[in-house]
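Novice: Have a look at this one before I ask anything.
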Amino acid sequence: MKNAISVIAALALASLTHIAVADPSPGETTVLGPFTGVGAKLHPRNVAPIPIAYYGTDLGYTYEHRGQLHFLFGDTAATEQGAPIEPSTKGAHDDSFATLDLAEWPDPARITPTNIPPIYLGQNPGTADVAAIDPGQALDLFKTPLGGFSNGTDQFALFYGSKPQGCRIDKDCSNGLTCDTGLGFIGERYDSEIGLTSGCVDGTTACNADTMNDAAGKPIAGTGFCIDATSSAWADSEVGRISAMGESNLLGVRSTEDPRRYLHIKPWLTNKFSNVTPRTVKDFVPARGSGRAHQDYRIADGGSNQRVFLWARPGFIGVGARGRTLGVYFAYADMPAAPGFDWQVHYYTGTDSKGVPQFSRNERDAAAVDLDSSRDGVQPEERYDVVDQLTVSWVEPLKKWVMLYGGGMIDLPTPVLPRCGVLELFTRAECADVVIGNGAIRMRTADDPWGPWSPPQDVLVAGDPDKTPPELQYGPGGMLHHPDCKASTCAPHTNWEGVNPREYGFLYGVNIIEQWTRPAAGGAADILWVASSWDPYRVFLVRTRINP
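Structure below.
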């Protein structure tokens, strides 16, 4: 009898222990509707006195500054066919911004499918032009904002510059990257700020082997590009070497005189942090160790230990079948002060035996955070290769970090990309090995920014575009276009030039609006977040309940 009681007690204790460490889980998710772009109402100030020339945009990264919620949008179109905003720039600047007064929308419970806040898009005075972000150099196609933040006095933004760094020897590379002299380029030269510069391996079709010129403009043989061979995106293959190339992100402080302009630009050559998201914290000192008892993860609002946290991946789509997953990396920087601000990044390298996080000033030392693959025996990203952008927020009611990421991609061939369409742009010849999955936005949670992070859980599932009849977000009432969905409530089509006639939509570009996070019944939390969609091209608003 005594042994039986002991066994029962042990089982009960094990059950309670399991409950105590259970991860939060996504509950009900409601798509509230279009936030900006197709189907969304314009702000009255964008309607009169001069109607704005605007069709759609994507991304919508947010931060708060002096009571205003600021939005940074990606490639923005004036018309359905993709006409550029600010025609005077001839497409050199095509990203936009917007604001919303939080005092007018303090209660997110007021936000419903029939009551979505209108956001005020930046509009050049006296014109119909959408105001375009200008960091002092071209920010054209595929060069976009990555996120913004405020130090209470000034506003800052990170931009995806996309340009690699040419090199002859390792010393030509900053941030601990090394020189791969066997790489060349297709498209624009890396030292030209316009257009795309795509890497290639010397000797392959259309590859320009000599990446650098001498002082007289003569090509220098045996030159290449800076790479990070310690990145999870690297492999000893053609696509693996290209995927490890460093790219120059940009950080700037917003002008107080012209909201379009960013000044004091700091270039940041990086691979592991090319796809990065920032978020400020109130008080963080690494030596204090793990846990909210030692750190204050709330949004910064003053103090001597304010930091900017940075989570990132070395790309948007991995190829697990080729051993190239896209690990999540973490770093922090001191809160910058403008003008002439300093930007020194500290890269997470792991924790010591006491759980204290360790950091290095060299990106080559950066280690991917713990995604807790031991729980199911395989890295989840090896099953679903499409990770797209990520957003990370401290959800105070849960005392947890919450990460949303994922989405889908189109693999329909086009005349320019005959193998896999847009997917080929990211993964080249390996595109046929990419596992797209169900196109879902997924969630992870953690106690600390470096993890361990919980296994992924689906929050919003796009569905399978090959299913007939179309269902979920591809069916009637869904947010994604499908050519076989014919009901009046089906998502409309964006008739952009050059798209495949069988084009279908997909999700990407998530961002949690932390200022609208609220506690819910039973210890749960409600978060509001945005997601982007291609086809139709827009940003829509979503509410998700996260159960403790």
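In the numbering used here, each residue's number is its place in the sequence shown (first place is 1) plus 197. From the three backbone atoms N, C-alpha and C, an ideal C-beta is built for every residue, glycine too.
Could you check the C-alpha separation between leucine 657 and arginine 639 for me, to the nearest Å?
Specialist: Straight-line Cα distance between these residues: approximately 7 angstroms.
Novice: Drop a sphere of 10 angstroms on the beta-carbon of alanine 300, count the other beta-carbons inside from all chains shown, and report buried for 16 or more, exposed for fewer.
Specialist: Exposed: under 16 other Cβ atoms inside 10 Å.
Novice: Would you kindly work out how many angstroms separate the C-alpha atoms of alanine 718 and proline 652, rounded to a whole number?
Specialist: If you take the alpha carbons of alanine 718 and proline 652, they lie about 24 angstroms apart.
Novice: Going by C-alpha to C-alpha distance, which of Val228, Leu266, Arg561 and Phe232 sits closest to tryptophan 302?
Specialist: Comparing Cα-Cα distances from tryptophan 302 to each of Val228, Leu266, Arg561 and Phe232, the minimum goes to Leu266.
Novice: Can you tell me the Cα-Cα spacing of threonine 254 and arginine 519, whole angstroms?
Specialist: About 33 angstroms.
Novice: Grab me the residues of tyrosine 494's own chain with a C-beta within less than 8 angstroms of its C-beta, minus the 5 sequence neighbours each way, in chain order.
Specialist: These residues qualify, in order along the chain: Val478, Lys479, Phe481, Trp591, Trp598 and Pro646.
Novice: State the Cα-Cα distance for the pair glutamate 435 and tyrosine 260, rounded to the nearest angstrom.
Specialist: Cα to Cα, the separation comes out at about 39 angstroms.
Novice: Around the Cβ of glycine 552, are there at least 16 other Cβ atoms within 10 angstroms (buried) or fewer (exposed)?
Specialist: So glycine 552 counts as exposed.
Novice: Does any residue of chain B bring its CB to less than 9 angstroms from the CB of phenylalanine 422?
Specialist: Within the model displayed, chain B is absent; a lone protein chain is all it includes.
Novice: Spell out the partners DSSP gives valine 727 in its beta bridges.
Specialist: Asn708 and Leu738, per the DSSP bridge assignment.
Novice: Report the three-state DSSP secondary structure of leucine 669 (helix, strand or coil).
Specialist: Note: leucine 669 maps to helix in three-state DSSP.
Novice: Buried or exposed: valine 613, going by 16 or more other Cβ atoms within 10 Å of its Cβ?
Specialist: Per the 10 Å Cβ criterion, exposed.
Novice: Report the option in Asp681, Ile249, Val739 and Glu277 whose CA atom is closest to the CA atom of glycine 695.
Specialist: If we check each option's Cα against that of glycine 695, Glu277 comes out closest.
Novice: Around the C-beta of arginine 521, are 16 or more other C-beta atoms found within 10 angstroms, so that it is buried, or is it exposed?
Specialist: Label assigned to arginine 521: buried.
Novice: Using 10 angstroms around the beta-carbon of glycine 400, count the other beta-carbons present and answer buried if the total reaches 16, otherwise exposed.
Specialist: Flag for glycine 400 reads exposed.
Novice: Counting only the same chain and skipping the five closest in sequence on each side, list residues whose C-beta sits under 6 angstroms from that of leucine 725.
Specialist: Correct list, in chain order: Pro305, Ile710, Trp713 and Arg740.
Novice: Using the Cα positions of proline 361 and aspartate 407, report the straight-line distance between them to the nearest angstrom.
Specialist: So the two alpha carbons sit approximately 14 angstroms from each other.
Novice: Looking at the strands, I want to know which residues DSSP matches up with aspartate 549.
Specialist: Bridge partners of aspartate 549: none, in fact.
Novice: Could you name the residues of the same chain whose beta carbon sits closer than 6 angstroms to that of arginine 735, not counting the 5 residues immediately before and after it, in chain order?
Specialist: For arginine 735, where only same-chain residues beyond five positions count, the Cβ hits under 6 angstroms are Pro231, Gly234, Val235 and Gly253.
Novice: With a CB to CB cut of under 7 angstroms and the five nearest residues on each side skipped, what residues in its chain are close to glutamate 668?
Specialist: The answer, listed in chain order, is Gly660.
Novice: Pick out whichever of Leu601, Gly224, Ile316 and Asp531 has its Cα sitting closest to the Cα of glycine 500.
Specialist: Here the closest residue by C-alpha is Asp531.
Novice: In whole angstroms, what is the alpha-carbon distance linking isoleucine 247 and proline 322?
Specialist: So the two alpha carbons sit approximately 9 angstroms from each other.
Novice: Taking the alpha carbon of asparagine 502 as the point to measure from, which residue in Phe353, Thr474, Pro533 and Val619 has its own alpha carbon closest?
Specialist: Closest by alpha carbon: Pro533.
Novice: At 4 residues or longer, and completely inside the region 472-507: list those alpha helix (DSSP H) runs for me, N to C.
Specialist: DSSP runs (the alpha helix (DSSP H)) wholly in the region 472-507: none.
Novice: Applying the criterion that 16 or more other CB atoms from any shown protein chain within 10 Å of the CB defines a buried residue, is glycine 618 buried or exposed?
Specialist: Buried: at least 16 other Cβ atoms inside 10 Å.
Novice: Considering only C-alpha positions, which residue in the set His240, Leu239, Met442 and Phe356 is nearest to phenylalanine 270?
Specialist: Among His240, Leu239, Met442 and Phe356, the Cα nearest to that of phenylalanine 270 is on Phe356.
Novice: Buried or exposed: proline 554, going by 16 or more other Cβ atoms within 10 Å of its Cβ?
Specialist: Buried, since its Cβ has 16 or more Cβ neighbours within 10 Å.
Novice: Jot down the residue ranges of each uninterrupted beta strand (DSSP E) in the region 254-279, minimum 3 residues, whole runs only, in chain order.
Specialist: Fully enclosed beta strand (DSSP E) runs of 3 or longer: 256-262 and 265-272.
Novice: Measure the alpha-carbon distance for proline 456 versus isoleucine 330 and round it to whole angstroms.
Specialist: Their Cα atoms are separated by approximately 8 angstroms.
Novice: Based on the DSSP secondary-structure assignment, which residues constitute the bridge partners of leucine 460?
Specialist: Answer is Val450, bridged to leucine 460.
Novice: My guess is that phenylalanine 382 and asparagine 405 are in contact by the Cβ rule of under 8 angstroms, so how many angstroms apart are they, rounded?
Specialist: Phenylalanine 382 to asparagine 405, Cβ: 5 angstroms. Contact.
Novice: Quick one: Cα of alanine 484 to Cα of serine 550, how far?
Specialist: Whole-angstrom Cα-Cα distance: 13 angstroms.
Novice: For aspartate 573, count neighbouring Cβ atoms within 10 angstroms of its own Cβ and tell me buried if that reaches 16, exposed if not.
Specialist: The predicted position of aspartate 573 is uncertain, since its pLDDT is 49 and thus under 50; a value taken from the coordinates is nonetheless stated next. By the neighbour-count rule (16 or more Cβ atoms within 10 Å), aspartate 573 is not buried but exposed.
Novice: So, with DSSP's three-state summary, where would you put valine 589?
Specialist: Strand, per DSSP.
Novice: Is there contact between the region 369-385 and the region 449-466, where contact requires at least three CB pairs shorter than 8 angstroms?
Specialist: With a cut-off of 8 angstroms, the region 449-466 and the region 369-385 count as touching, because enough Cβ pairs lie within range.
Novice: Could you tell me how far apart the beta carbons of glycine 264 and aspartate 298 are, in whole angstroms, since I believe they sit closer than 8 angstroms?
Specialist: Yes, glycine 264 and aspartate 298 are in contact; Cβ-Cβ is about 7 angstroms, under 8 angstroms.
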